[in-house]
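Heads up, the thing below is written out as structure tokens.
Protein chains in written order, with the working numbering: chain H, 3 to 397; chain X, 359 to 648; chain D, 183 to 336.
Right, here's the structure in full:
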């Protein structure tokens, strides 16, 4: 969009919520509840958290309030991402697909579940999560078959992105180019600028609907120092990001990585709890559950998020294909960082860092990927078939 | 401001994820645990042509309230309006389908997946190798070949079963065998006293099949280890990897590439398979627990 | 007769590619045999002094235990080699072989061939490689049978 950037006050999120709510959107945004960050439905008059920031590390995540009277105590988006990703709304954890009834004369009546009435408006989407939405778009709508339930929620959804100016310790979006800034794929992008002199948002429209929203919100054109400040803040965030992932290296190492020693080592630590897949904003796997009521005449099909870490996931009559924890972790990491490219032309990871923070034992995929690259390099340096992970020596 | 829905909202919950209602026309036992089921659409709920399939493709069969399972189509692709599946009862959904009687309703989604490249075999020798319940997914290809038999070279069916009483399609095998233009070689792993036929693993029949390995095409369906071994034996007599085709099986919940369960390396078995060129999967088949 | 035999040997995968002189020698050790359906071709424990190349019909490899019907483990048909116990001490048959149909075969004198192989290590090595190939293929196939793949899918 060509519209110039607009400067909005620190109450911009609330004004956006009120406006989109009035337009008939089902507005969803971050709230702090019981000390954790959750994504909840909001109505006009609701406000987003203020003065909170988060601390993430492998195996740990803490939401804290800023102490003192500094400007940061008033920061609107001092936190980055909570455990919940937006897929919770676009690709719900549990969903009824249809109900079925036995009809007279031995028939079968199938009633597909209706889609949501109101379109979604997602407020406060971080750039990594925006990329994750685009990744799921390709998986669930971009192939031969469309997931109608996802498409019904996704089409018409209004996305309000908030750019990142302070990377967290588990963030590595810069490695994928999926953050900390956002250049497209949103309706509205906000960048919070906060210091002793100013506090507010540089707002940019990414669609006609975004332009219309900006117009409705009023505000003045952003000044050059403000737009420069936005660009600088995002650039600095990219440079300040301590965590990195060699995307190309991991892709090729894992493509031939089935026999690497690291899998057994990870399996010693991995609890197979599936946390990483549940918090991952791109993980899309689901399972199906068919049930009947007590009469047995009415049935329904439910779909639930599933995880490749469960033993049942690969069950074939006779047993599961991926019996070992090593094989299940290998499937997950290899899918995220390697086979996803072959399937969908891009990575299945966006660098949000959730799987690192919410792993109860702190397994860090950036570190495991680096180990895979190193082990692959060592195996390639060894004469063929000699090393434990020689190309000829598949497990 | 534009209306919130700029893009038309697709039919929710419908399409490829919603079963179509069918009625069981006939159902009969093939063996102790395997049965064949003929389905016909109920009313006009099924669009004409929706049943058309290519040999080797599968449907997701829905047993009311119990579950849904991927089952290869075992009928004749030229016989429209009659959907035939041969099913081994191994779990709740297949058990429920086994208990279905004529007139009962079941749901069908499909057909899905890749198919046996029957056209590619025209002008060539063709060998089908089936193990156990692997014969039903090959039968549609056999029908297609026999319907235009003159287009193919020598054609052989090698079929291995566990025991004589666990063989499927026995009357049909007898009929095919009596037809001189199809060599049917059958063997069992474990013979009973009354069994007059061959004993030994199905690969033992390969040397006796009257096909010329160079240029010939093979379609193999059975347990994964059997297919791997059979493919290896075929390469010994001159078959090339890209003329050997196998049908793989993995856990499937959706059949359309959306549930993630059937991934086999970068491949989705429901979309890229179940039928693969052996050369495409040879290496992956040797990776444990892939 | 001798020339027919040489042609037969050349067509059989076991002997294909051997030198003319070698083929001629082996032909000299062979003679044609017929079995009627139900005939016993050899029995467990008997001296194994020969082997057969089947030209037609089906032979069952069987084993018997007291009070049990014979168990058929394998069947062999046209073009296949029957019997390798002549190659290894104690040179006695380890199974029974029975004609399941009328069978035409060429029998070869194992003792004669063994002596020849001892005297001509090149031929001995060639033949040993070929028989080892047959034994390996049958062993692999037997292992597959043992897995009972169709009963317990893997």
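Glycine residues also receive a C-beta, built at the ideal position from the N, C-alpha and C atoms.
Neighbours of residue 525/X in chain D, taken as residues at a C-beta separation under 9 Å, are lacking, since the least C-beta distance is about 10 Å. If you look at residue 249/D, you'll find it isn't in any alpha helix (DSSP H); DSSP assigns it neither H nor E.
Per DSSP, reduced to three states, the secondary structure at residue 173/H is coil, with no helix or strand assignment. Counting only unbroken stretches of 4 or more residues, the alpha helix (DSSP H) elements lying wholly within the region 510-590 of chain X are 528-536, in sequence order. Counted as a single uninterrupted DSSP element, the alpha helix (DSSP H) harbouring residue 301/D occupies residues 292-301. Here DSSP, grouped into helix, strand and coil, assigns residue 31/H to strand. Secondary structure at residue 207/D: helix, using DSSP grouped into helix, strand and coil.
Annotated three-state conformation of residue 255/D is strand, per DSSP.
Secondary structure at residue 76/H: helix, using DSSP grouped into helix, strand and coil. In this structure, residue 647/X lies away from residue 340/H, with their beta-carbon atoms at least 9 Å apart. Judged by DSSP in its simplified three-state form, residue 120/H adopts coil rather than helix or strand. An exposed status is given to residue 405/X, since fewer than 16 other beta-carbon atoms sit within 10 Å of its beta-carbon. Closest in C-alpha terms to residue 13/H, from the list 112/H, 194/H, 136/H, comes 194/H. For the pair residue 205/H and residue 52/H, the Cα-to-Cα distance works out to about 19 Å. Taking a beta-carbon distance threshold of 9 Å, residue 114/H counts as an interface residue toward chain X. Secondary structure note for residue 302/H: it is in no alpha helix (DSSP H), and the uninterrupted beta strand (DSSP E) holding it is 300-307. In the displayed model, residue 224/H falls within coil according to three-state DSSP, outside both helix and strand.
Contact between the region 621-641 of chain X and the region 471-482 of chain X is present: 3 or more CB-CB pairs across the two stretches fall below 8 Å. Taking a C-beta distance under 9 Å as the contact criterion, residue 534/X and residue 542/X qualify as a contact pair. Listed along chain D is no residue with a C-beta nearer than 9 Å to that of residue 390/X; the closest approach is about 11 Å. 9 Å or more divides the Cβ of residue 377/X from the Cβ of residue 411/X.
Contact between the region 120-134 of chain H and the region 24-33 of chain H is established, with three or more Cβ pairs separated by less than 8 Å. Relative to the Cα of residue 526/X, the nearest Cα in the group 640/X, 445/X, 379/X belongs to 445/X. Residues of chain D with a Cβ closer than 9 Å to the Cβ of residue 561/X are, in chain order, 319, 322, 323, 326.
The count of Cβ pairs closer than 8 Å, one atom from the region 294-307 of chain H and one from the region 97-115 of chain H, reaches three, so the stretches are in contact. Around residue 400/X, the beta-carbon contacts reaching into chain H at under 7 Å are 109, 110. The C-alpha of residue 644/X lies about 19 Å from the C-alpha of residue 317/H. Inclusion of residue 579/X and residue 450/X in the CB contact set at 9 Å is not warranted, their separation being larger than that value.
Taking C-alpha positions only, residue 116/H is separated from residue 156/H by approximately 14 Å.
For residue 377/X, at least one C-beta of chain H is nearer than 9 Å to its own C-beta.
The Cβ atoms of residue 464/X and residue 380/X lie closer than 9 Å to each other. Taken in chain order, the members of the region 603-619 of chain X whose beta-carbon sits within less than 9 Å of a beta-carbon on chain H are 607, 608, 609, 611, 612, 613, 614, 615, 616, 617, 618, 619.
Among the residues facing chain X, residue 203/H is not included, as its CB has no counterpart in that chain under 9 Å away.
In summary, residue 337/H is buried, with 16 or more beta-carbon neighbours lying within 10 Å of its beta-carbon over all protein chains present. The distance from the Cβ of residue 283/D to that of residue 244/D is about 15 Å, inconsistent with a contact at the 8 Å cut-off.
With fewer than 16 neighbouring CB atoms inside 10 Å of its own CB, residue 113/H falls in the exposed class.
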